Amino acid sequence: MSSIITPLPSSISPAACETLVTVLGVVYVHRKTSNGGDIYLTQFGLPVAKLLEPSNWYEDPWFSSKRQRLKGTSAVYRVPTKMVDGVALDLVVKNCRVGEDVPLDTHTLMQFMNTEFNSPWEEFSLTFEMREGRYGPRGIAISTQLPLAIYVPPETMQLWQSGRSTDKLNRIHAKHPGIDVDILKQYKLIYQWIRGKDVVETLQDAGITGEAADAVVSPVTLKVISDMAQKGFYVADMKPVHIILEEAQVNLFESIPADIPNKRKAQTELISGIIEAGDYSVIDYELLIRTPEHEEKVKSHKRHTYHDDQRHRWRPTERPSHLGAAEIMGVPYIHGPAESTGGHLWVVGRNARLFDYFLPERWRKTHSWKLSEKTDTYYTFTKDHIHIVWKISRVGETVILQNNDIRSQKATEYGFNSPFEEFSIAQYLSFKGIPTVYVRAIYMTGSAKTEQSTDRRKYESHRHLVNSQGEPLLREDRNFISIRGFFNGTDSWVAGSHELLKPMSLIQAESEGIISGKSKTLLLTAMMERLINVGIDGSLLEANDLIVSLDSKKNIVMTEDHLPEVRICNFELLRRL
Numbered sequence: 012m013s014s015i016i017t018p019l020p021s022s023i024s025p026a027a028c029e030t031l032v033t034v035l036g037v038v039y040v041h042r043k044t045s046n047g048g049d050i051y052l053t054q055f056g057l058p059v060a061k062l063l064e065p066s067n068w069y070e071d072p073w074f075s076s077k078r079q080r081l082k083g084t085s086a087v088y089r090v091p092t093k094m095v096d097g098v099a100l101d102l103v104v105k106n107c108r109v110g111e112d113v114p115l116d117t118h119t120l121m122q123f124m125n126t127e128f129n130s131p132w133e134e135f136s137l138t139f140e141m142r143e144g145r146y147g148p149r150g151i152a153i154s155t156q157l158p159l160a161i162y163v164p165p166e167t168m169q170l171w172q173s174g175r176s177t178d179k180l181n182r183i184h185a186k187h188p189g190i191d192v193d194i195l196k197q198y199k200l201i202y203q204w205i206r207g208k209d210v211v212e213t214l215q216d217a218g219i220t221g222e223a224a225d226a227v228v229s230p231v232t233l234k235v236i237s238d239m240a241q242k243g244f245y246v247a248d249m250k251p252v253h254i255i256l257e258e259a260q261v262n263l264f265e266s267i268p269a270d271i272p273n274k275r276k277a278q279t280e281l282i283s284g285i286i287e288a289g290d291y292s293v294i295d296y297e298l299l300i301r302t303p304e305h306e307e308k309v310k311s312h313k314r315h316t317y318h319d320d321q322r323h324r325w326r327p328t329e330r331p332s333h334l335g336a337a338e339i340m341g342v343p344y345i346h347g348p349a350e351s352t353g354g355h356l357w358v359v360g361r362n363a364r365l366f367d368y369f370l371p372e373r374w375r376k377t378h379s380w381k382l383s384e385k386t387d388t389y390y391t392f393t394k395d396h397i398h399i400v401w402k403i404s405r406v407g408e409t410v411i412l413q414n415n416d417i418r419s420q421k422a423t424e425y426g427f428n429s430p431f432e433e434f435s436i437a438q439y440l441s442f443k444g445i446p447t448v449y450v451r452a453i454y455m456t457g458s459a460k461t462e463q464s465t466d467r468r469k470y471e472s473h474r475h476l477v478n479s480q481g482e483p484l485l486r487e488d489r490n491f492i493s494i495r496g497f498f499n500g501t502d503s504w505v506a507g508s509h510e511l512l513k514p515m516s517l518i519q520a521e522s523e524g525i526i527s528g529k530s531k532t533l534l535l536t537a538m539m540e541r542l543i544n545v546g547i548d549g550s551l552l553e554a555n556d557l558i559v560s561l562d563s564k565k566n567i568v569m570t571e572d573h574l575p576e577v578r579i580c581n582f583e584l585l586r587r588l
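Residue numbers for the sequence shown follow the numbering used here, so the first one is 12 and each next one is one higher.
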């Protein structure tokens with residue numbers, strides 16, 4: 012399909028007031044707009060950046076008077092830009108519906124049970140991937156609208172304006188407590204309008220309706236669905252109105268003389284031939300997903316590269332300009348903004364390729380299993396099929412233990428560690444040869460937390476830890492979530508495609524008869540002694556804070572000294588002596 016926009020190379024250098032941001036493989040130029048919002052320009056949007064400035068298409072009365080509502084269940088508009096330097100552009104603007112219920116018919120719902128709207132970053136990433144067409148037969152290409160930009164207005168919506176119900180919001184918070192879902196944040200996806208008509212409209216304008224239209228529409232829709240599937244994609248609500256013919260093709264269709272025999276047959280054969288040749292575009296990508304076969308290939312590749320990169324996480328790699336490198340309490344991090352939430356992410360190591368795996372949109376809405384009755388700790392597969400455990404930090408909360416003994420007094424005196432302290436202790440122990448689970452990343456939410464801090468000591472002691480703007484890293488008005496690997500073998504073991512191990516707390520191992528109560532106590536005591544020897548007070552550890560691993564025959568993995576290998580999985584009450 013033709014385009015008036017010539018894309019710029021993704022390696023273009025940003026101006027002084029811009030930032031290059033890479034999210035899920037797509038490079039954006041991030042700019043602040045004149046009204047205080049944010050716009051993320053793709054390689055297609057950058058050449059027409061002036062036209063995409065909100066004052067040239069979004070501000071009223073222009074937007075409200077010039078917009079044309081398009082067919083569909085979502086708020087999608089065609090709107091022209093103002094004339095800038097003698098040029099104007101027709102845009103397709105739609106609100107991202109991430110977090111809303113998907114209105115599918117029963118048949119479609121049964122086929123796509125877990126379908127949910129893509130986040131703006133996922134939608135653009137999948138659209139770019141489908142446009143590139145690296146998967147599947149080379150002879151098939153799926154054309155799309157050009158993804159130009161993601162615009163985030165400065166205003167925060169009221170809940171009633173968001174289109175998301177209170178019940179939906181409560182369900183999301185119940186499933187993922189403490190994680191901001193940006194329910195009141197607007198994301199407007201901007202595409203270039205394709206000059207032409209959809210298949211249904213083309214037939215209707217020629218007076219071809221009813222059974223005569225169905226005889227054309229059904230097979231061409233199945234052909235497009237087949238083409239997309241061969242290229243590795245489905246649209247959960249694929250409709251014939253999503254199939255667009257270019258203006259020149261529509262003109263050819265309409266120019267067939269009225270006096271030729273069987274004009275309608277000639278017209279319908281022309282449309283069938285156009286679709287058969289692949290000369291069409293597909294629109295509407297908010298429910299675009301990979302086919303199971305393609306998804307498995309992508310996940311398999313990502314799992315392989317992920318585990319390989321984790322093995323080499325301490326080796327510096329090329330770092331995109333929007334990511335920084337910092338050492339915090341002795342731990343090196345690659346860090347940067349989580350654009351989808353307005354939060355921030357710190358990923359352990361020096362390997363920048365690991366950053367995208369821990370963006371909140373990759374794990375915060377996947378199904379989770381709660382691992383602890385006492386804490387908000389959850390296990391999940393990410394969208395990249397990485398096994399992780401995420402836990403809401405209790406920093407700023409008052410430690411409350413059941414018994415008012417010396418142990419409780421000590422816990423109250425210490426207070427909960429910040430996630431940065433936890434990761435520092437975990438890395439220190441690992442370097443000292445004491446097994447721990449792998450700490451992977453720290454995520455700071457973008458939305459303000461609702462609960463008040465009752466213990467402010469950590470915020471005071473961390474005041475010296477600031478970012479490049481002089482702001483504190485440990486913010487009292489934000490929730491922090493620590494992400495660690497779900498331990499099923501060492502990084503080198505898992506990367507080598509060995510059988511996965513099964514982790515189990517000492518409490519669970521005792522309850523299942525794998526170890527005795529006496530062994531549980533001995534292992535806990537032995538770990539406390541090991542910690543004292545390396546300068547760490549572990550007297551507040553509990554049996555639930557230690558794990559052993561089982562192989563496929565349910566045998567405990569042993570050390571070279573033929574003792575059960577015990578790993579620490581909770582660092583919130585450990586303290587350096």
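Where is the CB? At the ideal position from N, CA and C, for every residue including glycine.
Bear in mind that the values here come from a model prediction, so they are computed numbers and not experimental data.
Could you give the residue range of the beta strand (DSSP E) that holds T391?
-> For T391, the enclosing beta strand (DSSP E) stretches over residues T388 to F392.
Expressed to the nearest angstrom, what Euclidean distance is found between the alpha-carbon atoms of Q54 and I558?
-> The straight-line gap from Cα to Cα measures roughly 48 Å.
Can you give the Cα-Cα distance for I300 and S379, rounded to whole angstroms?
-> Distance between the alpha carbons of I300 and S379: 21 Å.
Alpha-carbon to alpha-carbon, L256 and L52 = In a straight line, the C-alpha of L52 is about 26 Å away from that of L256.
Taking only runs that begin and end inside the segment 411-479, name each unbroken beta strand (DSSP E) of 3 or more residues, in chain order.
-> Runs of the beta strand (DSSP E) inside the segment 411-479: 450-459.
For H573, count neighbouring C-beta atoms within 10 Å of its own C-beta (all shown protein chains included) and say buried if the count is 16 or more, exposed if not.
-> By the 10 Å Cβ count, H573 comes out exposed.
Would you mind listing the alpha helix (DSSP H) stretches within the segment 224-298 that are 4+ residues and don't spill past its ends, in chain order?
-> If one requires a minimum length of 4 residues, the alpha helix (DSSP H) runs lying completely within the segment 224-298 are 258-265 and 274-287, in chain order.
Rounded C-alpha distance that separates G147 from T279 | If you take the alpha carbons of G147 and T279, they lie about 29 Å apart.
Among K234, E133, G218 and M94, which residue has its Cα nearest to the Cα of A152?
-> Here the closest residue by C-alpha is K234.
Could you pull out every residue in the same chain whose Cβ sits closer than 6 Å to the Cβ of Q172, ignoring the five residues on either side in sequence?
-> Summary for Q172: the model assigns pLDDT 45, below 50, so the residue's position carries little reliability; its value from the coordinates is reported in the next sentence. If you ignore the 5 residues before and after Q172, its C-beta comes within less than 6 Å of no other C-beta in its own chain.
From the DSSP output, in three-state form, read off I526 for me.
-> In the three-state reduction of the DSSP assignment, I526 falls in the coil class.
DSSP three-state call for Q54: helix, strand or coil?
-> In the structure shown, Q54 sits in coil (DSSP, three-state: anything other than H, G, I, E or B).
Apart from the five residues just before and just after L31, which ones in its own chain have a Cβ nearer than 7 Å to its Cβ?
-> The answer, listed in chain order, is P25, V38, V40, P331, S332 and H333.
So is V246 buried or exposed if we call it buried at 16+ other beta carbons inside 10 Å?
-> Burial call: buried.
For T220 versus F264, is the C-beta spacing smaller than 8 Å?
-> With a cutoff of 8 Å on beta-carbon distance, T220 and F264 are scored as not near each other.
Would you tell me roughly how many angstroms separate the C-alpha atoms of V406 and Y69, rounded to the nearest one?
-> A direct Cα-Cα distance of roughly 42 Å separates V406 from Y69.
My understanding is that K242 touches G144, with C-beta atoms under 8 Å, so please give their C-beta distance in whole angstroms.
-> With a beta-carbon spacing of about 6 Å, K242 and G144 fall inside the 8 Å limit used to define contacts.
When you compare only the Cα positions, how much space is there between W132 and K43?
-> For W132 and K43, the distance between alpha carbons rounds to 18 Å.
Is T328 helix, strand or coil by DSSP?
-> The three-state secondary structure of T328, taken from DSSP, is coil.
Does the segment 152-164 come close enough to the segment 61-76 to have 3 or more Cβ pairs within less than 8 Å?
-> The segment 152-164 makes contact with the segment 61-76: 3 or more CB pairs, one atom from each, lie closer than 8 Å.
Just how far apart, CA to CA, sit R418 and E424?
-> Cα to Cα, the separation comes out at about 10 Å.
Pick from K385, P251 and L365 that is closest to T316, judged by C-alpha positions | Ranking K385, P251 and L365 by Cα distance to T316 puts L365 first.
C-alpha distance - T92 paired with G56, whole-angstrom precision | Taking the straight line joining both Cα atoms gives about 13 Å.
Among A269, V231 and L81, which one has its Cα closest to the Cα of P251?
-> Measuring from the Cα of P251, the nearest candidate turns out to be V231.
Rounded to whole angstroms, how far is the Cβ of P165 from the Cβ of G341, which I believe are closer than 8 Å?
-> P165 to G341, Cβ: 38 Å. No contact.
Since V309 is in the alpha helix (DSSP H), which residue starts that stretch and which ends it?
-> V309 -> alpha helix (DSSP H) spans P303 to R322.
Expressed to the nearest angstrom, what Euclidean distance is found between the alpha-carbon atoms of R324 and I286?
-> The straight-line gap from Cα to Cα measures roughly 48 Å.
Residues in its own chain within less than 8 Å of D216 by CB, not counting five upstream and five downstream?
-> Excluding residues within five positions, the ones whose Cβ falls inside 8 Å are K208 and E265.
Please list, in chain order, all residues of the same chain as L485 whose beta carbon is under 8 Å from its beta carbon, the five residues on each side excluded.
-> Closer than 8 Å at Cβ, skipping near neighbours: V406, S429, F431, K469, Y470, H473, L476 and F491.
Which one of E372, T391 and R322 has the shortest CA to CA distance from R361?
-> Among E372, T391 and R322, the Cα nearest to that of R361 belongs to R322.
Looking at the structure shown, is E222 part of a helix, part of a strand, or coil, going by DSSP?
-> In this structure, DSSP gives E222 a helical state, which the three-state scheme calls helix.
Confirm, please, whether the CB-CB distance from L512 to L440 is below 8 Å.
-> Going by C-beta atoms, L440 is not nearer than 8 Å to L512.
Taking DSSP as the reference, what is the three-state secondary structure of V559?
-> V559 falls in the strand class under three-state DSSP.
Three-state class that DSSP yields for R145 in the structure shown = Residue state, collapsed to three classes: coil.
Nearest-angstrom Cα separation, counted from L585 out to E553 = Here the C-alpha atom of E553 lies approximately 11 Å from the C-alpha atom of L585.
What number of angstroms, rounded off, separates the C-alpha of P483 from the C-alpha of F582?
-> If you take the alpha carbons of P483 and F582, they lie about 22 Å apart.
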